[in-house]
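A.B. asks: Here it is, the structure, as structure tokens.
2 protein chains.
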Amino acid sequence: MATILKGAPVVAAMNERNAALCEQLKAKGITPTLAVVRVGEREDDLSYERGVMNRCGKVGVAVRQFVLPADATQEQLLQVLDEVNTDDGIHGCLLFRPLPKQFDDRTIRAALRPEKDIDGITDGSLAGVFTNTDLGYAPCTAQACMEILKYYNVPLSGKRAVVVGRSLVVGKPAAMMLDRENATVTLCNSRTRNLPEVCRQADIVVVAMGKMAAVGADCLRAGQTVVDVGIHVNEEGKLCGDVQFAAAEPVVDAITPVPGGVGTVTTSVLVGHVVQAACKKAGV
Amino acid sequence: MATILKGAPVVAAMNERNAALCEQLKAKGITPTLAVVRVGEREDDLSYERGVMNRCGKVGVAVRQFVLPADATQEQLLQVLDEVNTDDGIHGCLLFRPLPKQFDDRTIRAALRPEKDIDGITDGSLAGVFTNTDLGYAPCTAQACMEILKYYNVPLSGKRAVVVGRSLVVGKPAAMMLDRENATVTLCNSRTRNLPEVCRQADIVVVAMGKMAAVGADCLRAGQTVVDVGIHVNEEGKLCGDVQFAAAEPVVDAITPVPGGVGTVTTSVLVGHVVQAACKKAGV
Chain W
1280 MATILKGAPV VAAMNERNAA LCEQLKAKGI TPTLAVVRVG EREDDLSYER
1330 GVMNRCGKVG VAVRQFVLPA DATQEQLLQV LDEVNTDDGI HGCLLFRPLP
1380 KQFDDRTIRA ALRPEKDIDG ITDGSLAGVF TNTDLGYAPC TAQACMEILK
1430 YYNVPLSGKR AVVVGRSLVV GKPAAMMLDR ENATVTLCNS RTRNLPEVCR
1480 QADIVVVAMG KMAAVGADCL RAGQTVVDVG IHVNEEGKLC GDVQFAAAEP
1530 VVDAITPVPG GVGTVTTSVL VGHVVQAACK KAGV
Chain E
1280 MATILKGAPV VAAMNERNAA LCEQLKAKGI TPTLAVVRVG EREDDLSYER
1330 GVMNRCGKVG VAVRQFVLPA DATQEQLLQV LDEVNTDDGI HGCLLFRPLP
1380 KQFDDRTIRA ALRPEKDIDG ITDGSLAGVF TNTDLGYAPC TAQACMEILK
1430 YYNVPLSGKR AVVVGRSLVV GKPAAMMLDR ENATVTLCNS RTRNLPEVCR
1480 QADIVVVAMG KMAAVGADCL RAGQTVVDVG IHVNEEGKLC GDVQFAAAEP
1530 VVDAITPVPG GVGTVTTSVL VGHVVQAACK KAGV
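Protein sequences, first through last, are from chains W and E. Per my numbering, the first sequence runs over residues 1280 to 1563. Per my numbering, the second sequence runs over residues 1280 to 1563.
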């Protein structure tokens, strides 16, 4: 029986820490404030937005919404970002992507100031992750994986970690953050041969393939900690991850559930970044 | 008997390519121009500078030297970089580092425009390496490893690569560039346990530890390609690498020599970047 690495206690600890910092900021007359910039009304975005607003409310972070119609122009969005950049009362910005196709993603990302990029989408933030400096902020899902591993005291230094999937939002930054903790990290991709064998060599397996149930018991062994980043809806309408949970759980030492794992923690990381940005600015 | 992956033919091919591009630029009245910015007279810098100037001369790249005394101020250096940034006749800049201690490395690096950063020292260039976009230029030594592997047609896609050492000038960018070629890459560091076993799992081993003769036959097996980035002077006053060449050569399939391997190619990569920068600007 594996230990189930639930997100809830990680979130509770983070909320507590963030709320305490918000209190300190409040004493200085500062309310950490998140700008949510959304183009259109995509259901995924709206659902994530509700989660973020809810979490923000709980710890004392204010939210300002900037909503553009789905047919907004690049100029209009750049103007909103300029407002976000220059408004001293805004500490961080969440911009929903992918953007509709009239936008040039690179131009838009480049327009946001890295110090307000609490979602890790700018080149500044990504350079910070790569070079291990405090430029910008790490992508939230990648950091959520790390928060879970740290909360549950999973040893990383000198351990072997395998990251399956190399996206810029999860796989690559997670690999860099595991390296920062002195793990020996292997980054797998869709061309990786004999993925099961490569996975079994790891002490920690982070699965961020975006493929439902792609990792089964053949990829796993006793002693491992598995972090499942995937989130899918199966044929029965139930949420599930990239890992075959029922097959994996009896084999490994510890595993994050889906739902209730990485996804739950991501929002708290985002909110934590806003609080951090406000603290940095105020010198708290 | 391993194939010796000498740098010389790689350099010859690169020189030919660069000279041809210089001819095309010349026809448009453009001379690709490198600014060499040096503070003080450190012997290592002077020797590398001579090599660069020599290689530039061979292919038709002009060099402009900006030399400051060892006790120059940060202001003075920033002024030089401003001149380099704004001078349309300069296509790339090589700034020798580490700088004397009166300089703040981060401020100085941030002052150089990424499009002139042909040595891959800015956050822009490093973000480009991490995100696989054409922002700036990759660090030259890391790219030299890739040029050798490509020249000798070493298969990378689907292969396992191990990079030993995680510096920002070699290890980390080399890992990203191998990933870009669809290798499954493991990044090792000084805390890696059982390094020999990890190395033996690889098809390609890139050694950039900066430790003389640290990798011996126990880390290697038949079928491997070894790229040795190290350069040291041994007790007998001879140049040698991070790999025990005499022990490794009978075991592996292919190996780069020291001297005459990666180091030789690095200068050509640098010169190639200047030519590329001039071509980009001229639309060639």
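From the three backbone atoms N, C-alpha and C, an ideal C-beta is built for every residue, glycine too.
For residue 1345 of chain W and residue 1401 of chain E, I'd like the C-alpha separation in whole angstroms.
C.D. replies: Roughly 33 Å between the two C-alpha positions.
A.B. asks: Report yes or no: do the region 1552 to 1559 of chain W and the region 1392 to 1406 of chain W share at least 3 C-beta pairs separated by less than 8 Å?
C.D. replies: They touch, by the three-pair rule.
A.B. asks: At 3 residues or longer, and completely inside the region 1388 to 1476 of chain E: list those beta strand (DSSP E) runs for me, N to C.
C.D. replies: As far as the region 1388 to 1476 of chain E is concerned, its whole beta strand (DSSP E) runs of at least 3 residues are 1439 to 1443 and 1463 to 1467.
A.B. asks: In chain W, which residues lie less than 8 Å from residue 1436 of chain E when you measure between Cβ atoms?
C.D. replies: The contacting residues are 1470.
A.B. asks: Cβ of residue 1380 of chain W less than 8 Å from any chain E Cβ?
C.D. replies: Not an interface residue.
A.B. asks: Threshold first: 3 residues or longer. Then list the beta strand (DSSP E) segments lying entirely within the region 1288 to 1344 of chain W, N to C.
C.D. replies: Within the region 1288 to 1344 of chain W, the complete beta strand (DSSP E) runs of at least 3 residues are 1312 to 1318.
A.B. asks: Could you confirm whether any beta carbon from chain W is found closer than 8 Å to the beta carbon of residue 1445 of chain E?
C.D. replies: By this cut-off, residue 1445 of chain E is an interface position.
A.B. asks: Note the first and the last residue of the continuous alpha helix (DSSP H) segment covering residue 1553 of chain E.
C.D. replies: Counting along the chain, the alpha helix (DSSP H) containing residue 1553 of chain E begins and ends at 1541 to 1561.
A.B. asks: Starting from the Cα of residue 1490 of chain W, find the closest Cα among W/1508, W/1502, W/1313 and W/1499 and give me that residue.
C.D. replies: Nearest C-alpha to residue 1490 of chain W: W/1508.
A.B. asks: Considering only residues of the same chain and omitting the five flanking positions on each side of residue 1290 of chain W, which have a CB-CB separation below 7 Å?
C.D. replies: Hits under 7 Å: 1543, 1544 and 1547.
A.B. asks: Alpha carbon to alpha carbon, how far is residue 1558 of chain E from residue 1300 of chain E?
C.D. replies: For residue 1558 of chain E and residue 1300 of chain E, the distance between alpha carbons rounds to 8 Å.
A.B. asks: Check whether the region 1432 to 1441 of chain W and the region 1340 to 1359 of chain W touch, using three or more Cβ-Cβ pairs below 8 Å as the test.
C.D. replies: Cβ pair count under 8 Å is below three, so no.
A.B. asks: Excluding the 5 residues preceding and the 5 following residue 1460 of chain E in the sequence, name in chain order all residues of the same chain whose CB lies nearer than 7 Å to its CB.
C.D. replies: Contacts found: 1435 and 1436.
A.B. asks: Exposed or buried, which one is residue 1311 of chain E when buried takes at least 16 other CB atoms within 10 Å?
C.D. replies: Buried is the call here.
A.B. asks: If we cut at 8 Å on Cβ distances, does residue 1466 of chain E have a partner in chain W?
C.D. replies: Output row for residue 1466 of chain E: interface = yes.
A.B. asks: Taking the alpha carbon of residue 1525 of chain W as the point to measure from, which residue in W/1516, W/1537 and W/1514 has its own alpha carbon closest?
C.D. replies: Looking at the Cα atoms, W/1537 is the closest of the given residues.
A.B. asks: Taking the beta carbon of residue 1481 of chain W as the centre, do at least 16 other beta carbons fall within 10 Å, making it buried, or is it exposed?
C.D. replies: With 16 or more Cβ atoms within 10 Å of its Cβ, residue 1481 of chain W is classed as buried.
A.B. asks: List, in chain order, every chain E residue whose beta-carbon is nearer than 7 Å to that of residue 1405 of chain W.
C.D. replies: Per Cβ cutoff of 7 Å: 1406, 1409 and 1410.
A.B. asks: Hey, could you find the ends of the beta strand (DSSP E) residue 1352 of chain W is sitting in?
C.D. replies: Counting along the chain, residue 1352 of chain W falls outside any beta strand (DSSP E), and DSSP gives it neither H nor E.
A.B. asks: Hey, residue 1439 of chain W and residue 1406 of chain W: beta-carbon distance below 8 Å or not?
C.D. replies: No. Outside cutoff.
A.B. asks: Sort E/1529, E/1562 and E/1561 by Cα distance to residue 1280 of chain E and report the nearest one.
C.D. replies: Cα-wise, what sits closest to residue 1280 of chain E is E/1529.
A.B. asks: Helix, strand or coil: which one does DSSP assign to residue 1504 of chain W?
C.D. replies: Strand, per DSSP.
A.B. asks: Please check the pair residue 1445 of chain W and residue 1458 of chain E, which I expect to be a contact at CB under 8 Å, by giving their CB distance rounded to whole angstroms.
C.D. replies: Yes, they are in contact, since the Cβ atoms of residue 1445 of chain W and residue 1458 of chain E sit about 6 Å apart, within 8 Å.
A.B. asks: Using DSSP's beta-bridge definition, name the partner residues of residue 1347 of chain W.
C.D. replies: Bridge partners of residue 1347 of chain W: W/1318.
A.B. asks: Return helix, strand or coil for residue 1525 of chain E, following the three-state DSSP convention.
C.D. replies: Helix at residue 1525 of chain E.
A.B. asks: Give the straight-line distance between the Cα atoms of residue 1404 of chain E and residue 1416 of chain E, rounded to the nearest whole angstrom.
C.D. replies: Rounded to the nearest angstrom, the two C-alpha atoms are 5 Å apart.
A.B. asks: Along chain W, in chain order, which residues have C-beta atoms closer than 8 Å to that of residue 1414 of chain E?
C.D. replies: In chain order: 1402.
A.B. asks: Comparing the C-beta of residue 1546 of chain E with each C-beta of chain W, is any distance below 8 Å?
C.D. replies: Cβ-Cβ to chain W under 8 Å: no for residue 1546 of chain E.
A.B. asks: Report all residues from its chain with a CB closer than 7 Å to the CB of residue 1282 of chain W; omit the five preceding and five following residues, and keep chain order.
C.D. replies: Excluding positions up to five away in sequence, the list reads 1532 and 1533.
A.B. asks: Under 8 Å between C-beta atoms, does residue 1477 of chain W make it to chain E?
C.D. replies: Yes, contact with chain E.
A.B. asks: Is there a C-beta anywhere in chain E that falls below 8 Å from the one on residue 1451 of chain W?
C.D. replies: True, the Cβ-Cβ gap to chain E drops below 8 Å.
A.B. asks: What's the call for residue 1502 of chain W, buried or exposed, on a 16-neighbour Cβ count within 10 Å?
C.D. replies: It counts as exposed.
A.B. asks: Please go through the same chain and pick out, in chain order, the residues whose beta-carbon is closer than 8 Å to the beta-carbon of residue 1523 of chain W, but skip the five residues on each side of it.
C.D. replies: Here the set comprises 1492, 1494, 1495 and 1496.
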